[in-house]
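The structure appears below as structure tokens.
Numbering (my numbering), first residue to last: 5 to 190.
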């Protein structure tokens, strides 16, 4: 009887091992399918000390920036986009933790998550930090910190175009098989 129990246990262990080996260790996207990317809302911090309240303009520009980012990134057909399940104006790294955003990206089926933050330093200078996170590995695989001049629609459009170009320069790496990790940006 004891021998039979050991054989059954061994059989179960072998079956479990076979199941584990039958699936790739990490599958971000199906062969031939573009990787799925989620773009979180962008956090905005205004430390400029300006007297004029521009919050409404900043929120509008942030939402336009995010929408353009999604649209422009999928335009090549090499990346697909999914939405995160979040209430409006409550889905940035300033609203919830990066770990919670990664969980939401995972639930949405995203392989990668774009998070970002913009800080207004003065009337003329804003800093922006963007990262792409590999959702499964939960690691930053791409990051950029840059400044841009101005706080008007045109300045924000130029900044969005810059971010898109930086990500597109890495598009080939995003579409490689999952076993290949993206190198950190310089």
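We put the CB at the ideal spot given by N, CA and C, even for glycine.
Residue i burial status per 10 Å Cβ neighbour count (16 or more: buried)
| i | result |
| --- | --- |
| residue 137 | buried |
| residue 56 | exposed |
| residue 41 | buried |
Euclidean distance between Cα positions of residue i and residue j
| i | j | result |
| --- | --- | --- |
| residue 148 | residue 133 | 6 Å |
| residue 49 | residue 122 | 6 Å |
| residue 146 | residue 98 | 20 Å |
| residue 54 | residue 74 | 30 Å |
| residue 119 | residue 135 | 5 Å |
| residue 37 | residue 178 | 11 Å |
| residue 27 | residue 59 | Bear in mind that the predicted position of residue 27 carries a pLDDT of just 30, short of 50, making it unreliable; the figure below should be weighed with that in mind. The alpha-carbon atoms of residue 27 and residue 59 are separated by roughly 49 Å. |
Closer than 7 Å: residue i CB and nearest the ligand ZN heavy atom
| i | result |
| --- | --- |
| residue 46 | This structure lacks the ligand ZN, and indeed carries no ligand of any kind. |
Where the beta strand (DSSP E) through residue i begins and ends
| i | result |
| --- | --- |
| residue 147 | 143 to 153 |
| residue 87 | Taken as a continuous stretch (DSSP letters only), residue 87 belongs to no beta strand (DSSP E), as it is neither H nor E. |
| residue 41 | 40 to 43 |
| residue 120 | 116 to 124 |
| residue 132 | 129 to 138 |
Beta-carbon proximity list for residue i, same chain, < 7 Å, skipping 5 on both sides
| i | result |
| --- | --- |
| residue 32 | Reliability fails at residue 32, whose pLDDT of 42 lies under 50, so the model's placement of it is uncertain and the value that follows must be treated cautiously. 39, 115, 140 and 182, listed in sequence order. |
Test: residue i CB closer than 8 Å to a CB of chain D
| i | result |
| --- | --- |
| residue 124 | No chain D is present in this structure, which holds just one protein chain. |
Cutoff 6 Å; reference residue i; Cβ partners in own chain excluding five residues on either side
| i | result |
| --- | --- |
| residue 131 | 123 and 151 |
| residue 72 | 164 |
N- and C-terminal bounds of the alpha helix (DSSP H) containing residue i
| i | result |
| --- | --- |
| residue 76 | 59 to 78 |
| residue 167 | 157 to 172 |
Residues of its chain near residue i, where Cβ-Cβ distance is below 8 Å and the 5 sequence neighbours each way are ignored
| i | result |
| --- | --- |
| residue 51 | 123, 124 and 125 |
| residue 166 | 150 and 152 |
| residue 102 | 119 and 137 |
Just checking, does the region 54 to 65 make contact with the region 105 to 117 on the three C-beta pairs under 8 Å criterion?
Touching, no, given that fewer than three Cβ pairs across the two stretches are closer than 8 Å.
Taking contact to mean 3 or more Cβ pairs, one atom from each stretch, closer than 8 Å, check whether the region 155 to 167 and the region 79 to 93 are in contact. no
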